[in-house]
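If you're matching positions, the sequence shown starts at 1 in full-length UniProt numbering and goes up one per residue.
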Amino acid sequence: MHSSSPPDYPDPDSFCWEKYLEETGASAVPTWAFKVRPPHSFLVNMKLEAVDRRNPALIRVASVEDVEDHRMKLHFDGWSHAYDFWIDADHPDIHPAGWCSKTGHPLQPPLRPREPSSASPGGCPPLSCRSLPQTRTSKYSFHHRKCPTPGCDGSGHVTGKFTAHHCLSGCPLAERNQSRLKAELSDTEALARKRNLSGFSLRKKPRHHSRIGRPPKYQKIPQEDFPTLTTDVMHQSLFMSALSAHPDRSLSACWEQHCRLLPGVAGISASTVAKWTINEVFGFVQTLTGCEDQARLFKDEMIDGEAFLLLTQADIVKIMSVKLGPALKIYNAILMFKNADDTLK
């Protein structure tokens, strides 16, 4: 096997370790530092507890389906073999039977054939319902929709950024999302290896250099403590400013004023938005002033109409990393859609 030389090395064809170590003033890692991994003792059909890689918040009952020298193939009991995966025998995501009961972590029992049909159609899965915030409009109930994937309780998301999902496009257990999950898992493992390789450099003492050149244009000012606003006060100050400025005006007047500021909102209700496809959500966000650059984020996250209506201001700003200005416009539009739905009722 030929070892590749470092990037931009003067003469890659004649690379020599002895010469390179002398040039860099470094020393090679001794051979005794590399330990050979002993063979594991796992056998086929053994039972254990394993973290669900598609939804890391869950630990499920698993069986050893196949073994190799230093890794094994796991199968979640009761689930399709399409979800089987290979894992290192010393991986921290696998635990012996009884580990969850000792640590207090909830254990997901094996899936039984009757479980997918036990929940009523459109029922609210307990875990996903608790993880989603209630909207201000109590009549709006889209968050009670249930994921159509058999055996899925609505928890987790295919992107790993949300705690729950409600449709097939966001389900981490749906077969159509498996290729996307495998790609994300590969990227995560590559990033972990990169962090491990760079761990030695973090131990070095950091060097501090004084600033050279002109002073900074802006100086940092000491941060002051401001009183925390409640959700209701924040909602009124950000989205009902027209009413506070004109207390004698009705909600319809406020609606008309905001519709003029947000193109494409007038006359659209939440029930209509809920049927939008991912591309329709992408097209709508593009029409909002200043949000053209942010529309691509919604398409990349595969957000359709129902998922769009479930977004909170915190989701848009913190999870999707949308700037505050465009985020306020997007969230304000969502509130108007819901308000229009209530007005029709």
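Idealized CB from N, CA, C, for every residue including glycine. These numbers come from a predicted model, not from an experiment.
In three-state DSSP terms, what is residue i?
i	result
A57	coil
H95	strand
S155	strand
A164	strand
P6	coil
P12	helix
S198	Below a pLDDT of 50, predicted positions are generally treated as unreliable, and S198, at 48, falls in that range; no measurement from the model is reported.
V265	coil
A270	helix
Are residue i and residue j closer than 7 Å when you measure CB to CB?
i	j	result
A89	M72	yes
S169	M320	no
D66	R60	no
K329	L288	yes
D315	T277	no
P38	D77	no
V265	A327	no
F269	A340	For the record, residue 269 in the displayed sequence is Ser; it is not Phe. Yes, Cβ-Cβ distance for S269 and A340 is below 7 Å.
Given that a residue counts as buried once 16 or more other Cβ atoms are within 10 Å of its Cβ, and exposed if not, what is residue i?
i	result
V285	buried
G154	buried
F34	exposed
L43	exposed
G267	exposed
E306	buried
residue 372	Outside the shown range of the chain (1 to 345) lies residue 372, about which nothing can therefore be said.
G156	buried
C16	exposed
V273	buried
L324	exposed
Y331	buried
N45	exposed
N279	exposed
D11	exposed
Cutting at 6 Å between CB atoms, please list the residues of its own chain near residue i, excluding the five before and the five after it.
i	result
A174	T149 and L168
V322	Q294 and I316
H75	S63, E65 and D84
E292	Q286
W86	R71 and K73
H40	A89
H95	E49
K19	none
Once the 5 residues before and after residue i are set aside, which same chain residues still bring their CB inside 7 Å of it?
i	result
A97	K47, L48 and E49
L21	S27 and A28
C152	C171 and L173
D13	none
R112	G78
Q313	A327 and Y331
W99	E49
R54	G156, P172, L173 and L181
P6	none
D69	P39
Kindly list the residues whose CB is nearer than 8 Å to the CB of residue i, restricted to its own chain and excluding five residues on each side of it in sequence; keep chain order.
i	result
S118	Residue confidence is low: S118 scores 39 on pLDDT, short of 50, so the model does not pin down where it sits. Its coordinate-derived value is still stated next. If we look at S118 and ignore the five residues flanking it on each side, it has no Cβ neighbours.
S101	L107
F282	A295, R296, F298 and K299
V36	none
K275	G305
Return yes when at least one heavy atom of the ligand NAP lies under 6 Å from the C-beta of residue i, else no.
i	result
R37	Among the components modelled here there is no ligand, and therefore nothing to report on the ligand NAP.
Taking 7 Å as the CB-CB cut-off, is residue i touching chain C?
i	result
D93	Considering every chain present, this structure includes no chain C. It has just one protein chain.
What runs of the beta strand (DSSP E), each 3 residues or longer, lie entirely inside the UniProt repeat "MBT" (15-110)? Whole beta strand (DSSP E) segments, 3+ residues: 47-51, 59-67, 71-76 and 85-88.
Taking only runs of the alpha helix (DSSP H) that begin and end inside the UniProt domain "SAM" (276-340), which ones reach a length of at least 4 residues, in chain order? As far as the UniProt domain "SAM" (276-340) is concerned, its whole alpha helix (DSSP H) runs of at least 4 residues are 278-287, 295-300 and 305-310.
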